[in-house]
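The block underneath contains the structure these notes are about, expressed in C-alpha cells.
Residue numbers (the working numbering): 1259 to 1429.
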C-alpha cells in the first residue's frame, strides 16, 4: 500500500518535470524566421562521421555515406549547408535505372557522377544548381551515383568511361 501511495504522490512531480523539459527544448529551437536557409557556409568541421566507404576514380578519392534504401536515396544531401572537400554520397540502386535526380532542398552545388553496372562513369552533370527542381537525367542507365562538391569532376579530370572503385571504410 505504501508503494502505491508513493507512486501516486510522485506522478505530479514527473508530469511537472516533463513539462519543463518540453519548454526547454522549445526555447532552444530558433524561430523559423531566424534560420537562414539559402546561404551556404564553408565546411568548418572534420569529416562527417557518417562516412562508411571510399570511392576512388583515377587520382580522386572521396569518403562517402551510402544511400541504399528508398528513403536514404530520397533524402540524399538535402538540407546540408556544406560538406567537406572530397566527401560525398554514394547512391546504390538494386538494378540499372534511369531515374532523374533533382536539387530540391539541396543547399550546395554538386557534381553528379552516374556509374554503370560495370563500375565505369556513364555520365556527369556538373555544377547542379542548389534548390532547382529541374530533373537531372543521365544519358545512359546507371546503377550507382556519386554526389560530390561542385568542381570535383573538373578538378580531378573525371570523365565518362573512367573506372570507379569502392573500398570499405572512409579514407
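Ideal Cβ placement from N, Cα and C applies to all residues, glycine included.
query = Thinking just about the alpha-carbon of each residue, which of 1385, 1404, 1415 is nearest to the one in residue 1349?
reply = 1404
message = Considering just the uninterrupted stretch of the beta strand (DSSP E) at residue 1401, what are its terminal residues?
response = 1400–1407
inquiry  = Taking 7 Å as the limit between beta carbons, can you name the residues of its chain near residue 1293, skipping five residues before and five after?
reply    = With a pLDDT of only 36 at residue 1293, under the threshold of 50, the placement of this residue in the model should not be trusted, and no figure is reported.
ask   = Three or more C-beta pairs closer than 8 Å, one from the segment 1353–1365 and one from the segment 1385–1397: is that the case here?
value = Segments in contact, yes.
request  = Consult DSSP for residue 1321 and reduce its assignment to one of helix, strand or coil.
outcome  = strand
inquiry  = Once the 5 residues before and after residue 1353 are set aside, which same chain residues still bring their CB inside 8 Å of it?
reply    = 1401
key: Inter-residue spacing [alpha-carbon to alpha-carbon] between residue 1316 and residue 1383   = 18 Å
inquiry  = Is residue 1363 close to the ligand GDP? I mean its beta-carbon at under 7 Å from any heavy atom of the ligand.
reply    = In the structure shown, the ligand GDP is absent, as is every other ligand, since no ligand is present at all.
Cβ pair count under 8 Å reaching 3, the segment 1371–1389 against the segment 1320–1333 = no
Option nearest residue 1340 by Cα separation, candidates 1374, 1406, 1320 = Nearest option by C-alpha distance: 1406.
ask   = Between which two residues does the beta strand (DSSP E) harbouring residue 1417 extend?
value = Careful: residue 1417 lies outside any beta strand (DSSP E) and carries neither H nor E.
query = Leaving out the 5 sequence neighbours to the left and right, which residues in its chain are closer than 6 Å to residue 1345 when beta-carbon positions are compared?
reply = 1321
query = In terms of residues, what are the limits of the alpha helix (DSSP H) holding residue 1333?
reply = 1328–1333
query = When the Cα atoms are used, what is the spatial distance from residue 1421 to residue 1336?
reply = 27 Å
Nearest to residue 1374 (by Cα), restricted to the options 1331, 1356, 1364 = Nearest in C-alpha terms to residue 1374, of all of 1331, 1356, 1364, is 1356.
With 16 other Cβ atoms within 10 Å as the buried cut-off, status of residue 1334 = buried
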